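Since the structure comes first, as structure tokens, the remarks are kept for the end.
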Amino acid sequence: MFNLILFGPPGSGKGTQSQLIIDHYQFTHLSTGDMLRTEIERQTPLGMEAKKFMDRGALVPDEVVIAMISSRLDAQGNAKGFIFDGFPRTTAQAKALDKLLSLKATSIHLVLLMQVPEEELIKRLLLRGQTSGRTDDANEEVIRARIAEYYNKTSPVADYYAQQHKLQTVPAVGSIEEVFARIKQQIDKRFAELNLHSVSSHPRS
Ligand code: B4P
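Per my numbering, residue 76 is the first one in the sequence shown, and the count goes up by one each step.
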């Protein structure tokens, strides 16, 4: 099993690159952002609670997202690997994830930090906001609040993984394909270090 975290500020391309990684490596995608948006669409109590935070660019409380991830991990018994997209976003979430994975006798193998300058993030999210219907992309004030939340609460999580020698940075500007090529290089390098290349990579292209 190979477990990857895609880490980075809002709009750095975590969701975009996750799709390419899944196509190439057949990992199971766990995106807390997608899970929360599904809960909002279904108008569940969890979704209604989460919406209050998301609409103002704030992080949803740890206990809510940790419980969501825990039940998804339990439901995915046979996965060959997971991509955690947008999770963990706080050190408490990172510690909870380590515990959940240790119960499954596994751990995080690689954390990729997607680096994009702030003005480019704002440009991308405003552009997506023109068509996505996402309330958190709709105006620059909320986007800036999300980025501030990232620097205050999420970016310290990178140190947590750097101390475990699991963190690699990926310049995430350029075309989507160029960024994917850099990500692929990092994953394949880690596979080779772990002697996993023969079991985990089944490229279609
Ligand atoms: P998420 O759904 O995780 O999404 P994101 O941070 O907005 O964006 P992502 O980095 O995935 O960017 P994308 O590929 O879409 O979070 C939304 C909210 O949910 C959070 O603010 C928070 O409130 C809540 N939440 C989620 N997880 C949580 C957690 N664990 N704890 C607490 N709260 C949580 O790309 C963005 C745009 O850029 C797209 O339009 C894309 O087409 C474009 N793009 C991508 N790559 C590009 C490239 N190379 N060049 C040009 N454009 C590019």
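Glycine included, each C-beta is placed from N, C-alpha and C at the ideal position.
Source: prediction; values computed, not measured.
Any heavy atom of the ligand ZN inside 7 Å of the beta-carbon of F82?
The ligand content of the structure shown is limited to the ligand B4P, which means the ligand ZN is not among them.
The region 102 to 119 touching the region 214 to 228, judged by at least three CB pairs closer than 8 Å:
no
Use the C-beta contact count for H184: other C-beta atoms within 10 angstroms, 16 or more gives buried, fewer gives exposed.
Here residue 184 corresponds to residue number 109 of the sequence shown, with the count starting at 1. Buried, by the Cβ-count rule.
How about S87 and L196: are their beta carbons less than 8 Å apart?
Numbered from 1 along the sequence shown, position 12 holds the residue referred to as residue 87. Numbered from 1 along the sequence shown, position 121 holds the residue referred to as residue 196. Yes, Cβ-Cβ distance for S87 and L196 is below 8 Å.
Helix, strand or coil: which one does DSSP assign to P192?
Along the sequence shown, one-based indexing puts residue 192 at 117. If DSSP states are grouped into helix, strand and coil, P192 belongs with coil.
Give the secondary structure of L134 by DSSP, where H, G and I count as helix, E and B as strand, and everything else as coil.
For the purposes of this step, residue 134 is taken as residue 59 along the sequence shown, with counting starting at 1. It is coil, neither helix nor strand.
Looking at G161 and F102, is the spacing between their C-beta atoms short of 8 Å?
Working through the sequence shown from its first residue, we reach residue 102 at position 27. Working through the sequence shown from its first residue, we reach residue 161 at position 86. Going by C-beta atoms, F102 is not nearer than 8 Å to G161.
Regarding F128 and the ligand B4P, is the C-beta to nearest heavy atom distance less than 7 Å?
For the purposes of this step, residue 128 is identified with residue 53 of the sequence shown, where counting begins at 1. Checking the Cβ of F128 against the ligand B4P gives yes.
Give a yes or no on whether the minimum CB-CB distance between G122 and chain C is below 8 Å.
Going by chain labels, chain C is absent from the structure shown, which holds only one protein chain.
Same chain only: Cβ atoms within 6 Å of T210, ignoring 5 sequence neighbours per side
Locating residue 210 in the sequence shown gives position 135, where the first residue counts as 1. Correct list, in chain order: D130.
Kindly indicate which three-state DSSP category I222 falls into: helix, strand or coil?
For this step, residue 222 is matched to residue 147 along the sequence shown. Correct three-state label for I222: helix.
When the Cα atoms are used, what is the spatial distance from I16 to A213?
With the chain covering 76 to 280 only, the question about residue 16 has no answer from this structure.
For E194 and V254, the rounded distance between their alpha carbons
Within the sequence shown, residue 254 is the residue found at index 179, counting from 1. Within the sequence shown, residue 194 is the residue found at index 119, counting from 1. Cα to Cα, V254 sits roughly 18 Å from E194.
Measure the alpha-carbon distance for P192 versus A247 and round it to whole angstroms.
Translated into positions along the sequence shown, residue 192 becomes position 117. Translated into positions along the sequence shown, residue 247 becomes position 172. Those two C-alpha atoms are separated by around 9 Å.
List the endpoints of the continuous alpha helix (DSSP H) containing Q101.
Counting from 1 along the sequence shown, the entry for residue 101 is found at position 26. Per DSSP, Q101 belongs to no alpha helix (DSSP H) and is neither H nor E.
Contacts around E114, its chain only, beta-carbon distance under 7 Å, and the 5 residues preceding and following it disregarded:
Position 39 of the sequence shown, counted from the first residue, corresponds to residue 114. Correct list, in chain order: L121, G122 and A125.
According to DSSP, simplified to helix, strand and coil, what is T181?
If you number the sequence shown from 1, residue 181 lands on position 106. T181 falls in the coil class under three-state DSSP.
Same chain, Cβ closer than 6 Å to F159, five either side skipped, listed in chain order
Taking the sequence shown and counting its residues from 1, one reaches residue 159 at position 84. The residues are I80 and L105.
Hey, is S87 close to the ligand B4P, as in C-beta under 7 Å from one of its heavy atoms?
Mapped onto the sequence shown, residue 87 falls at position 12. Flag set: Cβ of S87 near the ligand B4P.
G156 - partner residues in DSSP beta bridges:
Here residue 156 refers to the residue found at position 81 when the sequence shown is read from its first residue. Paired residues: F77.
Nearest-angstrom Cα distance between Q168 and Q205?
Residue numbering aside, residue 168 sits at position 93 when the sequence shown is read from its first letter. Residue numbering aside, residue 205 sits at position 130 when the sequence shown is read from its first letter. When rounded, the distance between both Cα atoms is 31 Å.
Nearest candidate by alpha-carbon position, reference Q243, set T165, G108 and I258:
Mapped onto the sequence shown, residue 243 falls at position 168. The shortest Cα separation from Q243 among T165, G108 and I258 belongs to I258.
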